[in-house]
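Enquirer: Structure in structure tokens, see below.
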Amino acid sequence: MGPRSPPVTAHYTTSTTASLKIMCHFWANVWVFFHAYLLLQSAEGVTHSDDVNGLLALQDAWNAYGMLQWSGNDPCGSNWSHIACDNHNPQRVIIISVSGLGLSGTLPDDIGFLTGLQSLDMSHNKLRGQLSSQLGRLVNLVILKLESNEFTGTIPPALGQLRNVQYIYLTDNMLQGPIPHEIGLLRNLYWLDLANNHLQGELPYSSDGKNKLNVGLDNLTTTKHFHFNNNSLEGPIPSSICHQNMQLIHMLFDSNQMSGNIPDAIGDCLNLTVLKIDHNHFSGEIPTTLDRLVNLSELHLTANQLTGVLPDLSNLNKLNILAVGDNQFTPSEIPAWLTSLRSLTDLQMQKTNLLGSIPESLFELPTITAVNLDNNILNGTLDLSTSASSLLTLSLINNRIDSTSLGKFNQELNLQGNPVCNTSALVNSQVCNPDRIVPPISYQTNNSRCSNPCTGNFVPSPLDCSCVVPYKCHFTYRAPYFTTLSDSRHLKVFVDALAKGLNMSDGQIMIPEAFFNSRNQLFITAWLFPSESSHWSPDDIVSISGEAGSIYPSMYGPPMFQADPYDFQSNARRAGLSTGAKVGIGLGAAILALIIFGVCAFALIQKRQADQAKSLSEPASGGSRKSDSGNAPKLKGARWFSFIELKKATNNFSDSNEIGAGGYGKVYKGELPNKDKVAIKRSNRLSMQGAMEFKNEIELLSRVHHRNLVSLVGFCIDQGEQMLVYEFIENGSLRDALTGVNGIKLDWHRRLLIALGAARGLAYLHELANPPIIHRDVKSSNILLDVNLDAKVADFGLSKLAPDAGKTHVTTQVKGTVGYLDPEYYLTEQLTEKSDVYSYGVVLLELLTSRQPIEFGKYIVREAKHLLDRGGMTAFRTILDTRLQSENTMELQRLLRVAIQCVEECAVNRPTMSEVVKELEEFIAHESGVGSLALSSKTYERELNKNKRRFSDSDWVCSSKDSSCNSSFHYAENATAKKNVL
0 MGPRSPPVTA
10 HYTTSTTASL
20 KIMCHFWANV
30 WVFFHAYLLL
40 QSAEGVTHSD
50 DVNGLLALQD
60 AWNAYGMLQW
70 SGNDPCGSNW
80 SHIACDNHNP
90 QRVIIISVSG
100 LGLSGTLPDD
110 IGFLTGLQSL
120 DMSHNKLRGQ
130 LSSQLGRLVN
140 LVILKLESNE
150 FTGTIPPALG
160 QLRNVQYIYL
170 TDNMLQGPIP
180 HEIGLLRNLY
190 WLDLANNHLQ
200 GELPYSSDGK
210 NKLNVGLDNL
220 TTTKHFHFNN
230 NSLEGPIPSS
240 ICHQNMQLIH
250 MLFDSNQMSG
260 NIPDAIGDCL
270 NLTVLKIDHN
280 HFSGEIPTTL
290 DRLVNLSELH
300 LTANQLTGVL
310 PDLSNLNKLN
320 ILAVGDNQFT
330 PSEIPAWLTS
340 LRSLTDLQMQ
350 KTNLLGSIPE
360 SLFELPTITA
370 VNLDNNILNG
380 TLDLSTSASS
390 LLTLSLINNR
400 IDSTSLGKFN
410 QELNLQGNPV
420 CNTSALVNSQ
430 VCNPDRIVPP
440 ISYQTNNSRC
450 SNPCTGNFVP
460 SPLDCSCVVP
470 YKCHFTYRAP
480 YFTTLSDSRH
490 LKVFVDALAK
500 GLNMSDGQIM
510 IPEAFFNSRN
520 QLFITAWLFP
530 SESSHWSPDD
540 IVSISGEAGS
550 IYPSMYGPPM
560 FQADPYDFQS
570 NARRAGLSTG
580 AKVGIGLGAA
590 ILALIIFGVC
600 AFALIQKRQA
610 DQAKSLSEPA
620 SGGSRKSDSG
630 NAPKLKGARW
640 FSFIELKKAT
650 NNFSDSNEIG
660 AGGYGKVYKG
670 ELPNKDKVAI
680 KRSNRLSMQG
690 AMEFKNEIEL
700 LSRVHHRNLV
710 SLVGFCIDQG
720 EQMLVYEFIE
730 NGSLRDALTG
740 VNGIKLDWHR
750 RLLIALGAAR
760 GLAYLHELAN
770 PPIIHRDVKS
780 SNILLDVNLD
790 AKVADFGLSK
800 LAPDAGKTHV
810 TTQVKGTVGY
820 LDPEYYLTEQ
830 LTEKSDVYSY
840 GVVLLELLTS
850 RQPIEFGKYI
860 VREAKHLLDR
870 GGMTAFRTIL
880 DTRLQSENTM
890 ELQRLLRVAI
900 QCVEECAVNR
910 PTMSEVVKEL
920 EEFIAHESGV
930 GSLALSSKTY
940 ERELNKNKRR
950 FSDSDWVCSS
960 KDSSCNSSFH
970 YAENATAKKN
980 VL
């Protein structure tokens, strides 16, 4: 035997000299690393230099150093606030969103450096000066939002160079001059909002002889919204604006100086849902061609100089608002055809020379809410004994009514100035002596108990009386369906809608002022209170500013939204630390962190070397133990949880916390220490991935952020476990709702919104996630419903990175769920995004029928197609959910058409998810009669979808000439698949 080696552990416990050498060597390396880091920080960043220059110039022009804190030369790599970048090299800034930050200053020409921009949102600030012509260099721009500022001057013709732009919002500024003809070059434009400015001149059209380009508004055949109201525009409505290729749904020309006859050609704008040309100087008779606008929900002709008689509009069976008051019509009786408008909610025919008696049937319309017949020559008896329960307000000021039969009617009635008010029974009654002045009122959470004083911009919070800074928002509704605030239910509806849309409690919303002006426009000021701190964050303000204007109850109609600049600075002042103190604290914290890091790293080195020495002195154990996690994943917004944390959150993974199970393992409901609820997906031993594969999945999921996707909160790689932690979705799955398991009842409109939400989530995965993702297991049980019943697509555990454009991915194992599985993917094992489209189409059929994909041995796709082939929609109604039998056949058929297109056996004939999104958005906007969903077009990803596909009747079945569509695929009666379907 040779001499014994000394115990290796003694070397590390007694050799101080060796330890000091290691410590010195370590700190030398740290010093070198620190200097290298500083050098890297000062080197050229990954962001394109033009974008760096452009952003810094904007910050300088706005004097917003404290607000934006943009510094350095790498905005993308340094995660500057309020911007987003692409993944090119060098990176380009593609989004700037600084809405509602209280910025002041001008828009410099340096904006032209940012040629990669796709979305520019500077709305709701105090920016002034002229719009730079350099905006025309932003040729990739899709969204331009500059509304609610103080811009002056003219609209630059250079905007005509933005050939990709889809949304232009310049409303609520002080712009002057004409609308430039060059706007007609924007062939992809969807929304053009120029309202609330001082624009002058006539509307430009291609053949007006005033431009060499021969372009104008009539060239914008893809545009759905012309919002030009509240300007000083002159001249007639050009006949060419309404040719049959136009797709306009909103024509808002009200409150201008326009004149001339209303052209007959306006009847060719067949898609119009809102026509507002009131408060102008139009003359002549109303064209009879308006009767062709069968999609119209609002018709506003008030306060013009129109003559003749009101033409028969009985075909407009979707009309909600008919406002034709204050014109010079020929004296006539109330038209009999009015009583056929079964969707009418608001009738305004004041000062229209009406005479004769009022038909009882007018007040029996099922949805009628408000009727204004002031200043006419109506006489006889007012009979309200059979009026609809929906009628809330009736005004008959200055007519010749001499008697009444009110029955049980107890809503707002005004008979002032009628002979009946001279009778003893009514002379002192409320109906003859109404309080005509409606003072500003306050509908708010009770905070009278708050006696503590607050200074400056701080206000006692209705929630807990703490001093906070609310966000002060102002809403202007041009034509709500009601004309009085005497019924507080109207404001309650507003508060509830705003709270739901912004995900707040109604206790966070206070209304200090609400009133109607002399033109029946409703003004509401709402204060929004933060709940978790004294201030809203800049991100909160941007989010609220982007969403608030698109949230409104149907009885209000779309608003004009403004907000006061938010006081972020008081938050910094309240902190009470000087800049020097903050720098000192930051530097001290950095040094302390570096020291702690050094000590920990040194201890780790010691431990690893001791472990290695120990392994030399002990017998081999059959292989080394690898790290659980491999390299640390690169995360965006997800955190690491320890096994102990999740064990505690789930009560030791108790059965009572289990909310789901599958081949991968079980899902548990958990509660974190901060009371946040989460869903924890715990893999079983058989389904565990390799460390690198699991790390890659975490990185992928952490990059996916969308309001219609379930968010990854974090993960656990600890003690041999692999767990994913997701946000907890309160109302379970769509499958549960359709079967009634969770007690939720889904009406027709809610089902449409769920379909749209799920489509948006999938479109994001396919087209805007980086890299794109194919879900591979879309089904109703993977579509969850949050507290607002909004859809969130869940479970990306089977997700697959999408192949390059135009390519397919050949899989070694078909994955998915029987009943939802794409037949082409099943047969060829070639995976594309269209596989998800097929599964989504099955979900749409579930929404229509409430049946499972395979039920009682029948496959829903095959059965639906068979019924449609046999007897069309009438035959399909035999499997339609009984709760939908009373819905409009055309609306049901439109959603069914989308579903059938999605489940085409041949993938090439299926739409993309972005095409589905656009179709559903238009459908829902049409169904609800407002443009709310286009405004909800505030989410950037939806507005980037630039598709042209339409779902025509001919698209219902796959072409028999396409041999690639012929497939023998079908689900057997016992639903047994021939391949291993996971």
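Using numbering that gives the first Met the number 0, read the sequence shown as starting at 0 and increasing by one per residue.
Beta carbons: idealized from backbone N, C-alpha and C, even for Gly.
All values reported here derive from a predicted model rather than from experimental measurement.
1) Can you check whether the CB of T403 is closer than 8 angstroms to the CB of L381?
2) Examine the Cβ distances between the segment 735-744 and the segment 693-702 and report whether three or more of them are shorter than 8 angstroms.
3) Out of P672, A387, K223 and L305, point me to the one whose CA is closest to S258's CA.
4) Give every residue of the same chain whose Cβ lies closer than 6 angstroms to the Cβ of I859, excluding the five residues on either side of it in the sequence, and list them in chain order.
5) Under a three-way DSSP split, which group does L309 fall into?
6) T385 CB to nearest chain E CB: under 8 angstroms?
7) Considering A525, what are the terminal residues of the beta strand (DSSP E) in which it resides?
8) Is W336 helix, strand or coil when you go by DSSP?
9) Take the Cβ of M889 as the centre, count every other Cβ of all protein chains shown within 10 Å, and call the residue buried at 16 or more, exposed below.
10) Which whole-angstrom value is the C-beta distance of H280 and I248, which I expect to be below 8 angstroms?
11) Helix, strand or coil for G159? Go by DSSP, reduced to three states.
12) List in chain order: all unbroken beta strand (DSSP E) runs of 3+ residues lying wholly within the segment 835-902.
13) Roughly how many whole angstroms lie between the Cα atoms of T475 and M559?
14) Please classify V666: is it buried, with 16 or more other beta-carbons within 10 angstroms of its beta-carbon, or exposed?
15) Could you check if T385 is buried or exposed, using at least 16 other CB atoms within 10 Å of its CB as the buried criterion?
16) If we count the other Cβ atoms within 10 Å of its Cβ and call it buried at 16 or more, is M173 buried or exposed?
17) With a threshold of 16 other CB atoms inside 10 Å of the CB of V929, please say whether the residue is buried or exposed.
18) What's the gap between the Cα of H197 and the Cα of K275?
19) Is L353 closer than 8 angstroms to N375 when the C-beta atoms are compared?
20) Can you tell me which of the three DSSP states N432 falls into?
21) Count the other C-beta atoms from every protein chain shown that fall within 10 angstroms of the C-beta of I154, then say buried if there are 16 or more, exposed otherwise.
22) Pull up the distance between the alpha-carbon of D821 and that of S838, whole angstroms please.
23) Check the DSSP bridge columns for T170 and list the partner residues they point to.
24) For the candidate residues F328, A768 and L783, whose alpha-carbon lies nearest to that of I753?
25) Short of 7 angstroms in beta carbon distance, which residues of its chain neighbour H925, apart from the five on each side in sequence? Order them along the chain.
26) So the beta strand (DSSP E) I240 belongs to, where does it begin and stop?
27) State the Cα-Cα distance for the pair Q349 and D325, rounded to the nearest angstrom.
28) Can you give me the start and stop residues for the beta strand (DSSP E) that H280 sits inside?
29) For the segment 758-767 against the segment 906-915, are there 3 or more C-beta pairs whose distance is under 8 angstroms?
30) May I ask you to report which of helix, strand or coil DSSP gives Q133?
31) Just reading off the beta strand (DSSP E) that G379 is part of, what are its end residues?
32) Output the distance between the C-alpha atoms of S282 and I142, rounded to the nearest integer angstrom.
33) How many Å lie between L343 and I396 at the Cα?
34) Would you mind stating whether P237 and Y204 have Cβ atoms separated by less than 8 angstroms?
35) Among all the DSSP beta bridges, which residues are the ones paired with S402?
36) Just to confirm, is the Cβ distance from Q90 to V45 under 8 angstroms?
Expert: To lay it out plainly:
1) The residue labelled residue 381 in the question sits at position 382 within the sequence shown. The residue labelled residue 403 in the question sits at position 404 within the sequence shown. Cβ distance < 8 angstroms, so L381 and T403 count as in contact.
2) no
3) Position 259 of the sequence shown, counting from 1, holds the residue named residue 258. Comparing Cα-Cα distances from S258 to each of P672, A387, K223 and L305, the minimum goes to L305.
4) Along the sequence shown, one-based indexing puts residue 859 at 860. Once the five neighbours on either side are set aside, the close Cβ partners of I859 are L844, R850 and P852.
5) As a working note, residue 309 is residue 310 in the sequence shown. L309: coil per DSSP, three-state reduction.
6) Annotation note: the requested chain E is absent from the structure, which comprises a single protein chain.
7) The count along the sequence shown starts at 1 and reaches residue 525 at position 526. L521 to L527 is the extent of the beta strand (DSSP E) around A525.
8) For this step, residue 336 is matched to residue 337 along the sequence shown. W336 falls in the helix class under three-state DSSP.
9) Residue 889 sits at position 890 when you count from the first residue of the sequence shown. Answer is exposed; the Cβ neighbour count stays below 16.
10) Walking along the sequence shown from the start, residue 280 turns up at place 281. Walking along the sequence shown from the start, residue 248 turns up at place 249. The pair is not a contact, with the Cβ atoms about 25 angstroms apart (cut-off 8 angstroms).
11) Residue mapping note: residue 159 aligns to position 160 of the sequence shown, counting from 1. In this structure, G159 counts as helix in the three-state DSSP scheme.
12) none
13) For the purposes of this step, residue 475 is taken as residue 476 along the sequence shown, with counting starting at 1. For the purposes of this step, residue 559 is taken as residue 560 along the sequence shown, with counting starting at 1. Rounded to the nearest angstrom, the two C-alpha atoms are 5 angstroms apart.
14) Looking up residue 666 in the sequence shown gives position 667. Per the 10 Å Cβ criterion, buried.
15) Numbered from its first residue, the sequence shown carries residue 385 at position 386. When all chains shown are included, T385 counts as exposed.
16) Here residue 173 corresponds to residue number 174 of the sequence shown, with the count starting at 1. Burial call: exposed.
17) Here residue 929 refers to the residue found at position 930 when the sequence shown is read from its first residue. Confidence is the limiting factor: at V929 the pLDDT is only 42, short of 50, which leaves the residue's position unreliable, though a coordinate-based value still follows. Buried, by the Cβ-count rule.
18) Taking the first residue of the sequence shown as 1, we reach residue 197 at position 198. Taking the first residue of the sequence shown as 1, we reach residue 275 at position 276. If you take the alpha carbons of H197 and K275, they lie about 18 angstroms apart.
19) Here residue 375 is taken as the residue at index 376 of the sequence shown, counted from 1. Here residue 353 is taken as the residue at index 354 of the sequence shown, counted from 1. Closer than 8 angstroms, so yes.
20) By 1-based counting over the sequence shown, the position of residue 432 is 433. N432: coil per DSSP, three-state reduction.
21) Mapped onto the sequence shown, residue 154 falls at position 155. Buried, since its Cβ has 16 or more Cβ neighbours within 10 Å.
22) Reading the sequence shown from its first residue, position 822 is the one you call residue 821. Reading the sequence shown from its first residue, position 839 is the one you call residue 838. Roughly 7 angstroms separates the two Cα atoms.
23) Start at 1 with the first residue of the sequence shown, and residue 170 comes out as number 171. None; T170 has no bridge partner.
24) Within the sequence shown, numbered from 1, the residue matching residue 753 stands at position 754. Here the closest residue by C-alpha is L783.
25) Taking the first residue of the sequence shown as 1, we reach residue 925 at position 926. Contacts found: T272 and N294.
26) What you label residue 240 is simply residue 241 of the sequence shown in a count that begins at 1. Taken as a continuous stretch (DSSP letters only), I240 belongs to no beta strand (DSSP E), as it is neither H nor E.
27) In the sequence shown, the residue the question calls residue 349 occupies position 350. In the sequence shown, the residue the question calls residue 325 occupies position 326. Going from the Cα of Q349 to the Cα of D325 covers about 6 angstroms.
28) The residue given as residue 280 occupies position 281 in the sequence shown. H280 to E284 is the extent of the beta strand (DSSP E) around H280.
29) yes
30) The sequence position of residue 133 within the sequence shown is 134, counting from 1. Correct three-state label for Q133: helix.
31) By one-based count along the sequence shown, residue 379 stands at place 380. I376 to D382 is the extent of the beta strand (DSSP E) around G379.
32) Locating residue 282 in the sequence shown gives position 283, where the first residue counts as 1. Locating residue 142 in the sequence shown gives position 143, where the first residue counts as 1. Those two C-alpha atoms are separated by around 37 angstroms.
33) What you label residue 343 is simply residue 344 of the sequence shown in a count that begins at 1. What you label residue 396 is simply residue 397 of the sequence shown in a count that begins at 1. Computed Cα separation, rounded: 21 angstroms.
34) Indexing the sequence shown from 1 puts residue 237 at position 238. Indexing the sequence shown from 1 puts residue 204 at position 205. Cβ atoms of P237 and Y204: closer than 8 angstroms.
35) Mapped onto the sequence shown, residue 402 falls at position 403. S402 is bridged to T380.
36) Residue mapping note: residue 90 aligns to position 91 of the sequence shown, counting from 1. Residue mapping note: residue 45 aligns to position 46 of the sequence shown, counting from 1. Cβ distance < 8 angstroms, so Q90 and V45 count as in contact.
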